[in-house]
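Engineer:
Residue numbers (our numbering): 1487 to 1628.
1) Is DSSP giving residue 1496 helix, strand or coil here?
2) Please report the distance separating the alpha-carbon of residue 1588 from that of residue 1606.
3) Roughly how many angstroms separate the alpha carbons of residue 1515 and residue 1550, rounded to a whole number?
4) For residue 1518 and residue 1505, what's the separation of their Cα atoms in angstroms?
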């Protein structure tokens, strides 16, 4: 008593069912193919996104490295300029101190010369005064 599923249908109905079944199988195959294509496209897009992300990260890292190098170079230049300015200022200060000491020495020499000149002047006045007094004294004697 085993009956086939198609036993209750006529040949024409069987052919119609088989045709619909084939179309349904074809549709499933097309959908499977589309699904596979979609999955492949998704995988390709994911790979592209990962690649773009990696490239972007690499670019950012390169930019950061470049900025660090530029910053280091600027800092070194700035430090060198400061060092040069400091050395120049130190040299100028040393020169000014030497010049000040030279002027102090010259002033001291000029003061010494002035003291000597004043002493000579006082001595000369005394001598002239004494000479005049002697003349007056001598003329007063005669």
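C-beta: ideal position from N, C-alpha, C; glycine also.
Structural biologist: With the given structure in hand:
1) coil
2) 26 Å
3) 51 Å
4) 20 Å
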